[in-house]
Structure formats: structure tokens, C-alpha cells
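Chains as they are written, first to last, in the numbering used here: chain P, 8 to 328; chain G, 8 to 328. For each residue, glycine too, the CB sits at the ideal point set by N, CA and C. Have a look at the structure below before the remarks.
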């Protein structure tokens, strides 16, 4: 549902027959993530006043040397440094075994100077490594990616105060909050059910009291479901699959997709698009996130938020215990 | 969606204007649970041929002396005995502390003769006991109620092979299977989001590839959602809240409600009804579960199934290790 201002705009637009439609308000992930990072920087300064010499500690564990992982890790390290988080990049060789990876995780779990541990996926090893076993080996108290089964269980059952919320869904919620549109009682459609986007997004929206429908590859009437969504979150991993004319008039549209499509007009020969057909959806939505510059930058910011939150919990436990 | 036979019946019925409608086929939980229990009995006999002297072991841990708990526990013990499961009832006094309850759980966790451990809720102690902490103390390998965070996390993220499925949702799935209606791609509505019914039911249906909508107390347009449901599962805990005329023609209706309402015509002065208004819903649904005799008996049967499954896993681990 729209805010009253948004609704007025929309009525005005629908009254202009043959005229230009009002375009959706663009929700900027660049701006919002910047606000989050500035807030966190102040938070860390406050923490250091309370506990002199203290710094939130983050470990990013990488196995192998994938180009895309290297890029994502460098973004995380840069964001951490700006905020005042002590971020450490541990890179294990491609020849690492599961046992070696688990052993490294155990030692970080036990290191009291580290409050957040993330394992950069996918694991790039010549050996077969069980990703689930590796993810679940991270201490739930340091699982700032929110990917352990224990964290997922707490989130899925509504124990939100006791868990870390996965970064992309947490970023989406922050972007929805920016619109001023309340999710309580709204019809929300989530497209996708992945462990890092769709499934935790469902949980977070459900426990924020939305009525949530999860659609996926087996859904038979996707446009109908999308057409009823006051808020739509798409994490399907398929370029521009959601068409603008499916979107409900005035809806909030959050696009988690990052897809590379061929584009001869670009020097690289390709460009990045989301899972939503942006230009047509913008003609119907009330609010929409762009790709790039929407959900993407939020994910890194929310990882920093979880790390700072974990550090605060650590400080509070030290103080009370 | 209906089976073709069901669809033909329904067309016939809607053609009979003014005539009597075709009533929904009743899905009997009494009969289905009996079939499950007979299958499990044979399974245990097979197990005992393979491993002479072996019995699946179950512990039901009770704190205090609630009448309703006593009734439920006696039903579980009786079902277990019939199947050949060695069921043990441990009753701790009302004066038990959280520490004492946790200590008892730890000793059962370590007992190799026990393959399933359930804690009867609610805990009836004079002391404040953290139910979450108690539930989560059960070993995930023996958590045949499927209520630990780790089990919930695996179920919610689609790792169904590695977890125990909570008994009531598992029983509902078995009843849906009895109809012959496939859930794949169907629009399914779950009403309720409790830890033992609604939330795991959503997960199970989603990972069985239905398009699932979860409705709850904050849902604003419940009749509309219900009207679109090919399959409806209700675990709201409110007597007869779903009206017959909300139900989609030909839908599968699974009612998890157990509510006591006043009834002067009964010697007890009350009767048991579900969350669905049965007589009116039966005029529109294709299949419907009664209350009592629907989901209720399935819950105990599925607890036995999880216990036998856990015992098999234990046997296989012994054999392979």
C-alpha cells in the first residue's frame, strides 16, 4: 500500500489519461548504505570510548582464488576499514582439504578478538568440500552472515532477537523502511527460495507481520501472484524475468538480481541488469530499487552492521560476566 | 486442484442448480494413522531380524503433572508399545529447576539405547524455565519432535534429508498424499505460524514445491487468500474461524485445530471442533479432514515414524562405523 503522498501522486497520474505516467520513486542503495556505514562508524567510536583499545574484529575466510570472490572480499575489507572494524583476510590455498578449512574455522571461533567470521562462497578447492558442514562449523555467536542452521532455525521460527539476520534480506528490509511503507498486514511476494536471499527474506517479512507468498520455479501463475503484491522482493537470478505490466500499481519493488547480459554498446560487451525489467516496472511501481546501486551496496553495509552488533554483544557479555 | 474424477463430480454438482451439492471426501486420520502404525510395526520387526535384541528407544520427558500432558503422554506410550518401541516416561517433579531439566536431557542425549527424546510441553514447574533453552538442549540426532533450532534451520532451508520433520506437519503431508492430489506448483495457504504447526508446515510445503502463502493474525484479507487456495492447512487455534464459503471449490482442507466449545447436548457440556467450520466447508471442499479423527491421530503416528527413522539411522551408523 502507498503512503498518502504516494497515493495522491498515483491518483493524479491515473487521472491524466494519455499523459505521461508518474515514475516510481527510486530507492537508492548507494545513499542508504552510506547512511548505515556512517552510523556504524559513530557506533564504533562510541564503543572505543566505552572500552579503550577495543575494535570489532572480522575474519573473511577464502579458499582458493576466484576473481569474483576477490572483488567481493576487497569491498568488504574496504568498508570494514572505513568503519573502524579490524578486518582480516585469511586465504587458504586451492589445495586445502575440508579438515584444514574446518580447523581454521575452529581456531577463529576460539579467538576472542574476532566477533564475526564469514566464509566466502563458493569454496574454490581442488578437493570435494561439504559447504554445509563448513558453514555450520562457524560459531553461531560469530555467524555474521547468518548462514548457520541454528541461525536459520531461530530466524524461521521468529526468534529474531537471538540471531544474525542474513545480509541481503536485512538490506532489503532497510530499503523498504526507507520508503515509509509499513509491511504489517501487507501482501508481500518473494520470488526465490535460496538460502542467502529468498528463504530468509520470507522469514524476516513474515515475522515483521506481512502476509508472505513465496514463488519459485515451480509456481504456475507468477504474474497473478506478482499482481497482488503490495511489496515485491525478487531474488530469482534470472535477468529481467519480472515484467513491468505484472507489477501492482504503486507497489514497492525490491530487486536482488545481479545478471550480466550482452550489450554491444558497452566497452565490456555486457551490462548488469536485475531480475525485474526496470524501465517498464518503474512505470507501475510506487518505489523501486535500481540495479546496480540498489540492494547490492546494502549487503556489504549489513555485514558491517552484524559485525558491530556482534561486537556489542561481546562487550555486553564481558561487562555482565 | 482436483483429480479428474473429483473435477467431474464437482461439475456435475454445480450443474444441479437447487439440488444437493456433492460433499467433500473425508480424509480419515484414524485410518491413515493405523496404516502408518502397522507399517512401522513391520519395520521394527525387520530391524529386530537385522539386529537381534535391538529396539528403538524413546524417552518422553515430563516436568510436573498437567492433566492434558498426562493424556497425550499415555497415548504416545501406548502407540509406542504397540509398534515395538521401548518407550520410557521420565517425570520430573514440579519443583525441578532448569538446571535439573537440562541435566536430565544431557544424560538421555548420551544414552546409546535411546534414539528419540521429546520434552512434553508446556513445562509445569514452579520455577521459571526457559522453554527454548530446554528444547534446544535435545541432541539434534534424537530430536524426533523436530523442534531444535538446528532441525528448524535445516527444514526451513530445504535440507530435509538431514532433519526430523515436526510431527503435526508431517502428518498433514501424509493426509494430503492420501488424496492423490500433488502439491507441486499448487497454491497453498497455511493459516498460523506457530513453531509446531504453521511455520514448519510452510517449510515442508515450500520444499515439496508448492507456492505457499502464510496467513496469520495480521493478515487483512483472509477470505480472499483462502479462496485462492488449492490446498488449505489451518493451524490458527481459533474455533471454526474459516467459513465454508471462503473455501475454493474442490480444495483440499486440512484442519489442525482442536478447540473445546460449549455444547449443552453433551454430558461433558462441551465438544471438540476444528479451526474450520466443518459442515459448510464440506459443501465446497474436494477433500476435508474431520475434527476429531483427522490430523490429531496422525501426530502421534508421525512421532513413532520419526523414532523408528532415528533408530534406523543409528543402526546404519553402527554398521558403517
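Please name the residue in the options whose C-alpha comes closest to that of residue i.
i, options, result
"residue 318 of chain P", "P:57, P:36, P:39", "P:57"
"residue 279 of chain P", "P:246, P:295, P:231, P:72", "P:246"
"residue 62 of chain P", "P:52, P:70, P:295", "P:52"
"residue 325 of chain G", "G:302, G:298, G:120", "G:120"
"residue 312 of chain G", "G:296, G:177, G:248, G:211", "G:177"
"residue 243 of chain P", "P:104, P:265, P:274", "P:265"
"residue 240 of chain P", "P:190, P:39, P:146, P:165", "P:190"
"residue 108 of chain P", "P:258, P:139, P:231", "P:139"
"residue 187 of chain G", "G:259, G:170, G:166", "G:259"
"residue 215 of chain G", "P:216, P:211, P:223, P:213", "P:223"
"residue 281 of chain G", "G:270, G:298, G:275, G:207", "G:298"
"residue 154 of chain G", "G:135, G:175, G:165, G:37", "G:175"
"residue 301 of chain G", "G:185, G:228, G:127, G:114", "G:185"
"residue 288 of chain G", "G:256, G:304, G:303, G:307", "G:256"
"residue 125 of chain P", "P:226, P:310, P:321, P:323", "P:310"
"residue 48 of chain P", "P:228, P:230, P:308, P:212", "P:308"
"residue 180 of chain G", "G:211, G:44, G:122", "G:211"
Output yes or no for whether 7 Å exceeds the beta carbon distance between residue i and residue j.
i, j, result
"residue 90 of chain P", "residue 182 of chain P", "no"
"residue 291 of chain P", "residue 251 of chain P", "yes"
"residue 219 of chain G", "residue 221 of chain P", "yes"
"residue 65 of chain P", "residue 92 of chain P", "yes"
"residue 70 of chain P", "residue 137 of chain P", "no"
"residue 146 of chain P", "residue 118 of chain P", "no"
"residue 151 of chain G", "residue 314 of chain G", "yes"
"residue 157 of chain P", "residue 198 of chain G", "no"
"residue 129 of chain P", "residue 173 of chain P", "no"
"residue 127 of chain P", "residue 76 of chain P", "yes"
"residue 268 of chain P", "residue 253 of chain P", "no"
"residue 277 of chain G", "residue 270 of chain G", "yes"
Note the first and the last residue of the continuous alpha helix (DSSP H) segment covering residue i.
i, result
"residue 174 of chain G", "174 to 186"
"residue 90 of chain G", "74 to 90"
"residue 230 of chain P", "229 to 234"
"residue 41 of chain G", "36 to 57"
"residue 116 of chain P", "105 to 117"
"residue 252 of chain P", "Residue 252 of chain P -> no alpha helix (DSSP H), and no H or E assigned at all."
"residue 160 of chain P", "156 to 163"
"residue 212 of chain G", "205 to 213"
"residue 269 of chain P", "Here residue 269 of chain P belongs to no alpha helix (DSSP H); instead the beta strand (DSSP E) covers 266 to 269."
"residue 141 of chain P", "138 to 144"
"residue 286 of chain P", "285 to 289"
Which whole-angstrom value is the C-beta distance of residue i and residue j, which I expect to be below 8 Å?
i, j, result
"residue 193 of chain P", "residue 261 of chain P", "Residue 193 of chain P to residue 261 of chain P, Cβ: 13 Å. No contact."
"residue 101 of chain G", "residue 133 of chain G", "5 Å"
"residue 236 of chain G", "residue 283 of chain G", "Contact flag wrong, Cβ pair sits at about 12 Å."
"residue 295 of chain G", "residue 31 of chain G", "4 Å"
"residue 40 of chain P", "residue 248 of chain P", "About 25 Å separates the two Cβ atoms, so there is no contact after all."
"residue 87 of chain P", "residue 112 of chain P", "Actually they are not in contact, since the Cβ atoms of residue 87 of chain P and residue 112 of chain P sit about 19 Å apart, beyond 8 Å."
"residue 160 of chain G", "residue 165 of chain P", "Contact flag wrong, Cβ pair sits at about 13 Å."
"residue 168 of chain P", "residue 149 of chain P", "Incorrect: roughly 17 Å between the Cβ atoms, too far for contact."
Return the first residue and the last residue of the beta strand (DSSP E) that residue i is part of.
i, result
"residue 225 of chain G", "Counting along the chain, residue 225 of chain G falls outside any beta strand (DSSP E), and DSSP gives it neither H nor E."
"residue 96 of chain P", "93 to 99"
"residue 190 of chain G", "That residue, residue 190 of chain G, is in no beta strand (DSSP E); it is neither H nor E in DSSP."
"residue 129 of chain G", "Here residue 129 of chain G belongs to no beta strand (DSSP E), and DSSP marks it neither H nor E."
"residue 70 of chain P", "64 to 70"
"residue 278 of chain P", "277 to 280"
"residue 310 of chain P", "It is not in any beta strand (DSSP E) - residue 310 of chain P instead sits in the alpha helix (DSSP H) that spans 302 to 327."
"residue 148 of chain G", "From DSSP, residue 148 of chain G is part of no beta strand (DSSP E); its letter is neither H nor E."
"residue 260 of chain P", "259 to 262"
"residue 240 of chain P", "238 to 241"
State yes or no: is the beta carbon of residue i nearer than 7 Å to at least one beta carbon in chain B?
i, result
"residue 234 of chain P", "Annotation note: the requested chain B is absent from the structure, which comprises protein chains P and G."
key: Contact list for the stretch 92 to 126 of chain P against chain G, Cβ threshold 9 Å   = Listed in sequence order: no entries.
Residues, ordered as in the chain, of the stretch 202 to 232 of chain P that lie near chain G by beta-carbon distance below 9 Å = So the list reads 202, 206, 207, 209, 210, 213, 214, 216, 217, 218, 219, 220, 221, 222, 223, 224, 225, 226, 227, 228, 229, 231, 232, given in the order they occur along the chain.
query = Quick one, which residues of the stretch 159 to 172 of chain P are near chain G if we go by CB-CB under 9 Å, in chain order?
reply = Flagged, chain order: 159, 160, 161, 162, 163, 164, 165, 166, 169, 170.
ask   = What residues in the stretch 172 to 204 of chain P bring their beta carbon closer than 7 Å to a beta carbon of chain G?
value = Of all residues in the stretch 172 to 204 of chain P, the ones placed with a Cβ closer than 7 Å to any Cβ belonging to chain G are 191, 192, 200, 202, in chain order.
task = Residues of the stretch 145 to 159 of chain G with a CB closer than 8 Å to any CB of chain P: list them in chain order, please.
result = The stretch 145 to 159 of chain G vs chain P, Cβ under 8 Å: 155, 156, 157, 158, 159.
query = Of the residues that make up the stretch 49 to 71 of chain G, which ones have a beta carbon closer than 7 Å to any beta carbon in chain P?
reply = Within the stretch 49 to 71 of chain G, no residue has a Cβ that lies closer than 7 Å to any Cβ of chain P.
Chain P contacts from the stretch 230 to 261 of chain G (Cβ-Cβ distance under 8 Å) = Of all residues in the stretch 230 to 261 of chain G, 232 have a Cβ within less than 8 Å of some Cβ in chain P.
request  = Taking only beta carbons into account, state which residues of the stretch 127 to 142 of chain P come closer than 8 Å to chain G, listed in chain order.
outcome  = From the stretch 127 to 142 of chain P, only 139 have a Cβ closer than 8 Å to chain G.
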